[in-house]
Amino acid sequence: MNADPLAALRPLHLPEAVGWWPPAPLWWVLAVICLLAVCLIGRALLRHARRNRYRRAARRELAAALQEAIATGDSRTFVMSASSILRRAALCRYPRAEIAPLHGKEWLQFLDRSGRLTGFSEGPGQALGLAAYGPAAQCEPAALETLCRQWLRRHR
């Protein structure tokens with residue numbers, strides 16, 4: 007007989023380490039939810055970028071027109087260009103029947119109302135109402151360009 011009963015025992019065997027693959031079912035569900043969220047957010051961002059493409063183009067055209075006005079010193083041409091750019095941007099967002107007949111004070115009031123501003127009826131934007139039909143309007147092209155950029159950013 008053995009004097010030590012513990013000598014007959016075998017050493018402890020630890021179980022194998024739990025592998026990371028395949029993941030538990032809840033991890034699969036979480037992965038699908040995350041993938042769906044990424045797809046929906048990407049789609050929303052793409053849609054937002056497409057809807058605002060006309061704003062970016064209008065801002066580029068305004069910057070180019072301002073540079074030309076500064077180089078030539080012709081503020082009337084800049085005012086005409088700014089008015090044309092704003093009208094095309096408005097036609098992208100609002101119905102043609104609402105925008106096309108507007109001119110003069112009505113056009114300026116529309117710009118103020120839609121952009122939640124007052125600079126077109128009371129500020130440097132007044133030049134837009136006078137440029138096409140009246141005498142050469144005196145305006146600061148940089149101030150008018152800033153106002154037009156604000157309208158492009160704020161109109162809904």
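Last residue of the sequence shown? That's 162 in this note's numbering, and every number before it is there in order.
For each residue, glycine too, the CB sits at the ideal point set by N, CA and C.
These numbers were taken from a predicted model, which means no experiment stands behind them.
- Under a 10 Å Cβ-count criterion, E22 is classified as exposed, with fewer than 16 other Cβ atoms of the shown protein chains found around its own Cβ.
- Relative to R160, the option among A37, C45, N58 whose CA is nearest is N58.
- Selection F116, E112, A88, K111 evaluated against A149 yields A88 as nearest (Cα-Cα).
- DSSP, read as helix, strand or coil, puts G135 in helix.
- Within the region 64-126, the complete alpha helix (DSSP H) segments at least 4 residues long are 81-99, 102-105, 110-121, listed from N- to C-terminus.
- Per the coordinates, the alpha-carbon of L68 lies some 18 Å from the alpha-carbon of W113.
- Exclusion of the five residues before and after F126 leaves L114, L117, D118 as the residues of its chain whose Cβ lies within less than 6 Å of its Cβ.
- Under the DSSP assignment, W157 falls in the alpha helix (DSSP H) whose first and last residues are 147-160.
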